[in-house]
Amino acid sequence: MRIEDVDFNGLRALYHLLETRSVTQAARRLGTTQPNMSRSLARLREVFGDPLFVSTGRAIEPTPMALALQPDVERALSALRAVFDPMARQKREDEPFALRVATSDYGTLVVLRPWLVQQVEARPMTTLRIVQPSLETIGALERGEVDLALIPRVELDGLEQFVFRPIVDDEHVIVTRRGHPLARGRATLERYLACGHVVVGNSVPGFSSVQRALVRLDRSRDVRARVPSLLLALSLAAETDMVATLPARIVRASGLPLTTRPIPFEVEPFTLHAVFHPRMTTDPHHRRIRESLFSKPAARGRSRISRRPSG
């Protein structure tokens, strides 16, 4: 028997024949005639190579094969109804979902942490797995190994195939410990460059808009430490005289005793994008998660730079 030999109406006919044990009642339920139902039964007998039902007077009794088929028929119809039933689709959308996100400390603290707190308070819970973004993220998004990337937009081959949606606007600030000399008075370019700096190195090129701005000015920083994470850079800035230059929202989200100052030169604004494969656009779980992430009130809108200590 091939799947092509049985259509949806035949499956429904078999279901109602099993339920009613009557050709007449089964036909009435399906809104068809008794002759049509008899033809459907004849077709089913041919497909399964079994009588399926035998007459016992005014009723029909299922054969052992028909009884064995009954639970499978019920499950198959239930699955088919779910495909076309809006309420069933909504139920699937509300089921737990394992979300895999590629992002840095910034996306984790500024976007995912407040979102995850909200998820914990709601039901069902989404399971979250975070990986560091890298050049391998492009392939992981293509293969479906990562559902979403929260990264700045950069020019890399392969990224043009994905959907980009801006989710956070921010601007860079000078970050120092409380009581740092640069936290007092005007933070001029010369005073800024005279400090030792901690910078964040990335495995994805093109992220450092601060470095690009300094190259345009034909100036350079005295880099004392190059670290792999924003949080480590913030920690070093809080505990040493090294200066960090980072997006403002991550400073506030860190909760560390830090002071922020405006940068004394023009730097491109920082925008974090949600990046995903076009095939995920209509996926109900993915769409629900995207909408909940984008609806966070702190997401869009440029942050305000404060001269007061942060944390």
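Heads up, the sequence shown is in the numbering used here, so the first residue is 308 and it goes up one at a time.
Note that beta-carbon positions come from the ideal geometry of N, C-alpha and C, so glycine has one too.
In the DSSP annotation of this structure, Arg460 is not part of any alpha helix (DSSP H), being labelled neither H nor E. For Ala409, no alpha helix (DSSP H) segment is defined; the enclosing uninterrupted segment is the beta strand (DSSP E) at Ala405 to Thr410. Excluding sequence positions up to five before and after Thr434, its CB lies within less than 8 Å of the CB of Pro403, Phe404, Ala405 and Leu406, all in the same chain and listed in chain order. Annotated as proximal: Val408 and Asp454, with beta-carbon spacing under 8 Å. When beta bridges are read from the DSSP output, Thr370 appears opposite no residue.
For the beta strand (DSSP E) assignment, the uninterrupted runs of no fewer than 3 residues enclosed by the region 499 to 548 are, from N- to C-terminal side, 503 to 507 and 529 to 534.
Setting aside the 5 residues that flank it on each side, Gln377 is surrounded in the same chain by Leu325, each with a C-beta closer than 7 Å to its C-beta; the list follows chain order.
Val550 is bridged by DSSP to His504. In this structure Phe572 does not touch Pro554 by the C-beta definition: roughly 16 Å separates them, more than the 8 Å allowed.
Under the 10 Å beta carbon count, Val361 is surrounded by fewer than 16 other beta carbons and is classified as exposed.
Secondary structure note for Leu579: it is in no alpha helix (DSSP H), and the uninterrupted beta strand (DSSP E) holding it is Phe577 to Phe583. In the DSSP assignment, Ile557 falls within the unbroken alpha helix (DSSP H) covering Ala555 to Ser561. Taking Pro473 as the centre and dropping the five residues before and after it, the same chain places the C-beta of Thr578 and His580 closer than 6 Å to its C-beta, in chain order. Counting C-beta pairs with one atom in each stretch, the region 478 to 486 and the region 542 to 549 have three or more that are closer than 8 Å, which means they touch. Assigned with DSSP and collapsed to three states, Val480 falls in strand. With a cutoff of 8 Å on beta-carbon distance, Glu368 and Arg335 are scored as not near each other. Leu387 and Ser602 have their alpha carbons spaced roughly 33 Å apart. The straight-line gap separating the alpha-carbon atoms of Arg493 and Tyr499 is approximately 10 Å.
By the neighbour-count criterion, in which a residue is buried when 16 or more other Cβ atoms sit within 10 angstroms of its Cβ, Gln426 is buried. Within 10 angstroms of the beta-carbon of Pro342 lie fewer than 16 other beta-carbons, which makes it exposed. According to the DSSP assignment, Ile437 belongs to the beta strand (DSSP E) that extends over Thr434 to Val438. The residue from Arg523, Arg519, Ala544 and Leu524 with its alpha-carbon nearest to that of Ala532 is Ala544.
Within its own chain, the residues whose Cβ lies closer than 6 Å to the Cβ of Ala540, once the five positions on either side in sequence are excluded, are Val505, Val507, Val534 and Ala551, listed in chain order. Thr410 and Glu353 have their C-alpha atoms some 58 Å from each other.
Under a 10 Å Cβ-count criterion, Gly414 is classified as buried, with 16 or more other Cβ atoms of the shown protein chains found around its own Cβ. In this structure, the straight-line span from the alpha carbon of Gln518 to that of Pro459 is close to 15 Å. Taking every protein chain shown into account, the CB of Asp529 has fewer than 16 other CB atoms within 10 angstroms, so this residue is exposed. As computed with DSSP, Phe471 is found in a beta bridge with Val582. Secondary structure of Val453 (DSSP, three-state): coil. Distance check between Arg523 and each of Pro440, Ser385, Glu575 and Cys502 places Glu575 closest, using alpha-carbon atoms only.
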